[in-house]
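Chemist: To get my numbering, take the position in the sequence shown, counting from 1, and add 194.
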Amino acid sequence: MRLTGGRFGRIGPMDALLLTTKGRKSGEQRDVALNYLLDGDAYIVVASYAGEDRDPAWWNNLKAQPEAEVAVGGRRLKVRASTSGVPNVGFL
Numbered sequence: 195m196r197l198t199g200g201r202f203g204r205i206g207p208m209d210a211l212l213l214t215t216k217g218r219k220s221g222e223q224r225d226v227a228l229n230y231l232l233d234g235d236a237y238i239v240v241a242s243y244a245g246e247d248r249d250p251a252w253w254n255n256l257k258a259q260p261e262a263e264v265a266v267g268g269r270r271l272k273v274r275a276s277t278s279g280v281p282n283v284g285f286l
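(1) Would Val240 be called buried (16 or more neighbouring beta carbons within 10 Å of its own) or exposed?
(2) Nearest by alpha-carbon distance to Met208: which of Ser220, Trp253, Leu231, Gln223 is it?
(3) From Ser242, Asn229, Gln259, pick the residue whose C-alpha is nearest to that of Lys272; which is it?
(4) State the DSSP-derived secondary structure class of Ala251, mapped to helix, strand or coil.
(5) Could you tell me how far apart the beta carbons of Leu212 and Asp225 are, in whole angstroms, since I believe they sit closer than 8 Å?
What follows is the structure, given as structure tokens:
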């Protein structure tokens, strides 16, 4: 996805974006490809660590520094992460 600027981003059957966060310990840029859904102009991603009982590193980075960047559809966008406000959303 980095080579294509996000223009051809797919993971399985779903579209994907490239999320760039600031490492909470290192301060270095960290990239991760994530599936997403759109809700209006909001990009929705799920912070899951393959069903394990811990959070993925990118989510911990966003909790420490919510300003990030996404590459999607050939565009790079500055974003600010927020939670859905619904704890343990079982229907997702």
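Note that beta-carbon positions come from the ideal geometry of N, C-alpha and C, so glycine has one too.
Modeler: In short, the structure shows the following:
(1) exposed
(2) For Met208, the closest alpha carbon among the candidates Ser220, Trp253, Leu231, Gln223 is that of Leu231.
(3) Gln259
(4) Ala251 falls in the helix class under three-state DSSP.
(5) 6 Å
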